[in-house]
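Colleague:
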Ligand SMILES: Nc1ncnc2c1ncn2[C@@H]1O[C@H](COP(=O)(O)OP(=O)(O)O)[C@@H](O)[C@H]1O
Ligand SMILES: [Mg+2]
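Protein chains in written order, with our numbering: chain B, 5 to 255; chain R, 5 to 261; chain C, 4 to 317.
#1: Which residues neighbour ligand 1 when neighbourhood means a C-beta less than 6 angstroms away from any of its non-hydrogen atoms? List them by chain order.
#2: For a test of the three-state rule: what should DSSP assign to residue 174(R), helix, strand or coil?
#3: Just confirm the distance between the C-beta atoms of residue 61(B) and residue 20(B), as a whole number of angstroms; I'd bet it's less than 8 angstroms.
#4: Does ligand 2 have a heavy atom nearer than 7 angstroms to the CB of residue 142(B)?
#5: Distance cutoff 8 angstroms, beta carbons only. Does residue 295(C) sit that close to anything in chain R?
#6: Could you pull out every residue in the same chain whose Cβ sits closer than 6 angstroms to the Cβ of residue 85(R), ignoring the five residues on either side in sequence?
#7: At the level of alpha carbons, what is the spacing between residue 233(B) and residue 153(R)?
#8: Can you grab the Cα-Cα spacing for the pair residue 248(C) / residue 42(C), in whole Å?
#9: Could you give the residue range of the beta strand (DSSP E) that holds residue 133(C)?
#10: Could you tell me the distance, in whole angstroms, from the CA atom of residue 119(R) to the CA atom of residue 139(C)?
#11: For the beta strand (DSSP E) containing residue 225(B), name the first residue and the last one.
#12: What residues match up with residue 109(C) in a beta bridge as DSSP calls it?
#13: Taking all protein chains shown into account, decide if residue 25(C) is buried (16 or more other Cβ within 10 angstroms of its Cβ) or exposed.
#14: Please name the residue, chosen from 179(C), 280(C) and 193(C), that lies closest to residue 215(C) on a Cα-to-Cα basis.
#15: Expressed to the nearest angstrom, what Euclidean distance is found between the alpha-carbon atoms of residue 94(C) and residue 220(R)?
#16: Residue ranges of each alpha helix (DSSP H) run of no fewer than 4 residues wholly in the stretch 206-287 of chain C, ordered along the chain?
#17: So what's residue 17(C) in DSSP terms, helix, strand or just coil?
#18: Here's the rule: buried if 16 or more other CB atoms are within 10 angstroms of the residue's CB, otherwise exposed. What is residue 196(C)?
#19: If I measure Cβ to Cβ from residue 172(B) and keep anything under 6 angstroms in the same chain, skipping five residues before and after, which residues do I get?
#20: Straight-line CA distance for residue 55(R) to residue 123(B)?
#21: Using a C-beta cutoff of 8 angstroms, does residue 143(R) count as contacting chain B?
#22: Decide if the stretch 127-140 of chain R is in contact with the stretch 133-150 of chain C; the criterion is three or more beta carbon pairs, one per stretch, under 8 angstroms apart.
#23: Taking the Cβ atom as the reference point for each residue, do residue 183(C) and residue 133(C) lie within a distance shorter than 8 angstroms?
#24: 8 angstroms is my cut-off, CB to CB: does residue 24(C) come that close to chain R?
#25: Have a look at the DSSP bridge pairing and note the partners of residue 101(C).
#26: Consult DSSP for residue 15(R) and reduce its assignment to one of helix, strand or coil.
#27: What in chain R is Cβ-close to residue 251(C), meaning under 8 angstroms?
#28: Taking all protein chains shown into account, decide if residue 157(R) is buried (16 or more other Cβ within 10 angstroms of its Cβ) or exposed.
#29: Identify whether residue 29(C) lies in helix, strand or coil by the three-state DSSP scheme.
#30: Let's test the definition: count the other Cβ atoms within 10 Å of the Cβ of residue 193(R) and tell me whether it reaches 16, buried, or not, exposed.
#31: Assign residue 209(R) to one of two classes, buried (16 or more other C-beta atoms within 10 Å of its C-beta) or exposed (fewer than that).
#32: In the DSSP assignment, the beta strand (DSSP E) including residue 266(B) goes from what residue to what residue?
#33: With DSSP as the reference, label residue 16(B) as helix, strand or coil.
#34: Do you know whose CA, among 230(B), 239(B), 250(B) and 235(B), lies nearest residue 46(B)'s CA?
#35: Which residues in the same chain as residue 318(C) place their Cβ atom closer than 6 angstroms to its Cβ, once the five residues preceding and following it in sequence are excluded?
Spelled out as structure tokens, the structure:
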């Protein structure tokens, strides 16, 4: 058992299978992993390996077949606003609310009172200042992602679970966003678990990189040597890229 | 606005066709009165008769019935989302009563509520309730799971989950249901009025049409039918049109798209 | 667009202009449901009309109420219909080209209530409702006549009417709830009076102040002018049926029992208890005319009764 006070999130012995046409399809089996407070972890894995499933289990959106999720050593079974999940789905903004109101949705607690939130700041960070009064259907896919991210941040969570947040963004905006997100993470002292199948993204943003293979097994868990380096050397970057590429495609 | 223009154009064309039919067909005014006779009857209905009141009475009855239906539909909906037993109970009720035309219930309604306004409201309630219930649950089922996940993530209470997410998220279906309910209950009202007679002294538009019919006042009958049509168009194009424009269309949520 | 409109127009015109008069004469008769129409049923069941008019195709349509019969006659779908005198007069007043050619029956009509405190028209409160077949029906006009006489206000009850077919009116009355009184005709008058607590406040003769014909037969001027012999034959056939009912009510009941899906004995009772009298006489037209004109139900009256009744000289 891990009783490290630094350990904010602990996943112990999680298994999950989905019913399929022939018997059942096991996605995760007996998976365990711990996360330290304030750590920025990137979970890297090929499409379909079970990353989204894992995030939904961590946020208690779905329950595992076995195993437990601990937050600060307390088992949890229902979603709460300490662990905010930004879904991969394009359809997570409320179409009847403007960008602004969608973001502010996170600020109203269950009792309806407002928490403090710097809306202007969030809009600037995500480059949505001009779109505050737009409705989601008037936004591009990338702008929707940014709005969802702004909402996730606005709720001021302890743990932020991001499911491929920067996928499907233009290269330019992705870079700026990734960089500003790192700043936010530092400023808010968030614990971040970011899921991606993009090795480049993992190398740029994560302090720690966890690699999952196609069978949902963790095959690598290490500190990102490039962490903190704003402009890594081409060569080092390329070597690491090749290493992770081999890991996730080799099964 | 384009739609309004088109609508007006078509209606104008239909009136032209009407006039042409009279000119060519040489119909007796007892079978097909001219638009002018109908206008005159309409004018007399307002000035000499009680048509204005009768319209208000009919609208009042429909609104009362629709309000009662909305409240009941909401309650039914809450019951059906609260538990599995509740859901299957409401489903069973819907299967039993939805196909039953309001007019078919008439003898029972007369026994229970007599022949006054209460009975008419009950028949409207019946006509409006079931389409609303079906549409509410269709809306709920069509609600993306992700909306609910977001709601759960922010620890919304059941109440806030319903009012902040489920209801607005089902609005396209709710509006569609409301439209069906409106037209069903408007139809039911007109037929029920013909049977229940003059509720609130003067009766409503349905009674107006019926009393024109039994006294063979064909232009008056057409005037009454015209009123029914105009109210239908106003509700469809103005009321629901504006409501949709301000909500589901603005939000890109309309069912057609 | 223009083409489809033209097609629509042509279609409408074809439908409405298609004549139904070929070489042989065709006669369409509208009937209503009820014992007051018994001679008509018998003439139909026994083929009396076809017997007298072998060359004529006779067609029968059953319609729910007088308004529907008038509309069918106006539309040229029906040549002959049977109804109360007031609905006939309303049609004539509005310009329908038709005339009464026979009487069919006289009947005991009555306004029946379950309320002990109501003995008279003036005992009705403002919330008390009266069920009857429809405004403008003979029941309604009789009620207005009585209201005019007793209360000085012939439209006193017009805001308190409930439109119901006789059987519905009867069950509403017997449930003793919403409907205070029911203005009805045989056999419902006797059926209701048999129930405990029911009493009659007003009968047809009192309301009218005399005898009157309940149901008359009316025929379009077109048919009568072209084929008076057809009208004559129908009249004779009805007379023959009336004779049968009078002389052999047992046989008449046997003929009628299928039509009414009633017990033969029951029909026999209704035919013989005096509540219905079948006769070709046409009585009460002048009184209805005078009252309906005075109360504004009619805009005009005929100068001579032969404008509305075939075969009267006045
Ligand atoms: N609700 C579900 N029902 C059945 N199978 C599912 C469901 N969700 C995901 N899966 C399957 O589980 C596997 C992992 O899915 P997912 O967690 O979405 O992978 P990733 O996010 O890594 O792409 C996939 O094979 C997917 O088809
Ligand atoms: Mg995924």
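Ideal Cβ placement from N, Cα and C applies to all residues, glycine included. Source: prediction; values computed, not measured.
Modeller: Walking through what the data contain:
#1: In chain order, the residues that have a beta carbon nearer than 6 angstroms to some heavy atom of ligand 1 are 22(B), 31(B), 49(B), 51(B), 52(B), 53(B), 54(B), 55(B), 56(B) and 57(B).
#2: Residue 174(R) sits at position 170 when you count from the first residue of the second chain. In the structure shown, residue 174(R) sits in coil (DSSP, three-state: anything other than H, G, I, E or B).
#3: For this step, residue 61(B) is matched to residue 57 along the first chain. For this step, residue 20(B) is matched to residue 16 along the first chain. Correct: roughly 6 angstroms between the Cβ atoms.
#4: Residue 142(B) sits at position 138 when you count from the first residue of the first chain. For residue 142(B), the shortest C-beta to heavy atom distance toward ligand 2 is 7 angstroms or greater.
#5: Counting from one through the third chain, the residue named residue 295(C) turns up at place 292. Output row for residue 295(C): interface = no.
#6: Your numbering for residue 85(R) matches position 81 in the second chain. Within the same chain, no residue comes within 6 angstroms of residue 85(R) by CB-CB distance, once the 5 residues on both sides are set aside.
#7: Against the first chain, residue 233(B) aligns to sequence position 229. Against the second chain, residue 153(R) aligns to sequence position 149. Using only the alpha carbons, I get a separation of about 36 angstroms.
#8: What you label residue 248(C) is simply residue 245 of the third chain in a count that begins at 1. What you label residue 42(C) is simply residue 39 of the third chain in a count that begins at 1. Cα to Cα, the separation comes out at about 8 angstroms.
#9: Along the third chain, one-based indexing puts residue 133(C) at 130. From DSSP, the beta strand (DSSP E) with residue 133(C) extends over 132-135.
#10: Residue numbering aside, residue 119(R) sits at position 115 when the second chain is read from its first letter. Residue numbering aside, residue 139(C) sits at position 136 when the third chain is read from its first letter. The alpha-carbon atoms of residue 119(R) and residue 139(C) are separated by roughly 20 angstroms.
#11: Here residue 225(B) corresponds to residue number 221 of the first chain, with the count starting at 1. For residue 225(B), the enclosing beta strand (DSSP E) stretches over residues 222-227.
#12: In the third chain, the residue the question calls residue 109(C) occupies position 106. According to DSSP, residue 109(C) bridges with 280(C).
#13: Position 22 of the third chain, counted from the start, is the residue given in the question as residue 25(C). For residue 25(C), the pLDDT reaches just 49, beneath the cut-off of 50, and the residue's location in the model is therefore unreliable, leaving the point undetermined.
#14: If you number the third chain from 1, residue 215(C) lands on position 212. The shortest Cα separation from residue 215(C) among 179(C), 280(C) and 193(C) belongs to 280(C).
#15: In the third chain, counting from the first residue as 1, residue 94(C) sits at position 91. In the second chain, counting from the first residue as 1, residue 220(R) sits at position 216. Taking the Cα positions, residue 94(C) is about 7 angstroms away from residue 220(R).
#16: Listed in chain order, they are 207-211, 224-229, 231-250, 252-263 and 267-275.
#17: Counting from 1 along the third chain, the entry for residue 17(C) is found at position 14. In this prediction, residue 17(C) scores a pLDDT of 48, lower than 50, which makes its location untrustworthy; the coordinate-derived value is nonetheless stated afterwards. In the structure shown, residue 17(C) sits in a helix (DSSP, three-state: H, G or I).
#18: Counting from 1 along the third chain, the entry for residue 196(C) is found at position 193. Under this definition residue 196(C) is an exposed residue.
#19: On the first chain, position 168 is the one that residue 172(B) refers to. 145, listed in sequence order.
#20: Here residue 55(R) refers to the residue found at position 51 of the second chain. Here residue 123(B) refers to the residue found at position 119 of the first chain. Their Cα atoms are separated by approximately 56 angstroms.
#21: Translated into the one-based positions of the second chain, residue 143(R) becomes position 139. Taking Cβ atoms only, chain B never reaches closer than 8 angstroms to residue 143(R), which makes this a no.
#22: Taking 8 angstroms as the limit for Cβ pairs, the verdict is that the stretch 133-150 of chain C does not touch the stretch 127-140 of chain R.
#23: The residue you call residue 183(C) lines up with position 180 of the third chain. The residue you call residue 133(C) lines up with position 130 of the third chain. Closer than 8 angstroms, so yes.
#24: Along the third chain, one-based indexing puts residue 24(C) at 21. With a pLDDT of 46 at residue 24(C), under the threshold of 50, the modelled position of this residue cannot be trusted, and the question is left open.
#25: Reading the third chain from its first residue, position 98 is the one you call residue 101(C). Beta-bridge analysis with DSSP links residue 101(C) to 223(C).
#26: In the second chain, counting from the first residue as 1, residue 15(R) sits at position 11. DSSP places residue 15(R) within a helical segment (H, G or I) once states are collapsed to three.
#27: Position 248 of the third chain holds residue 251(C). Residues of chain R with a Cβ closer than 8 angstroms to the Cβ of residue 251(C) do not exist, since the nearest Cβ in that chain sits about 38 angstroms away.
#28: Taking the first residue of the second chain as 1, we reach residue 157(R) at position 153. It is buried - the Cβ of residue 157(R) has at least 16 other Cβ atoms within 10 Å.
#29: Sequence index remark: in the third chain, residue 29(C) carries index 26 (1-based). Reduced to three states, the DSSP call for residue 29(C) is strand.
#30: Residue 193(R) sits at position 189 when you count from the first residue of the second chain. With 16 or more other Cβ atoms within 10 Å, it is buried.
#31: For the purposes of this step, residue 209(R) is taken as residue 205 along the second chain, with counting starting at 1. With 16 or more other Cβ atoms within 10 Å, it is buried.
#32: Missing from the structure shown is residue 266(B); chain B here goes from 5 to 255 and no further.
#33: In the first chain, counting from the first residue as 1, residue 16(B) sits at position 12. Strand at residue 16(B).
#34: Reading the first chain from its first residue, position 42 is the one you call residue 46(B). A check of alpha carbon separations from residue 46(B) across 230(B), 239(B), 250(B) and 235(B) identifies 230(B) as the nearest.
#35: Summary: the structure shown does not reach residue 318(C), with chain C confined to residues 4 through 317, and so no result is reported for it.
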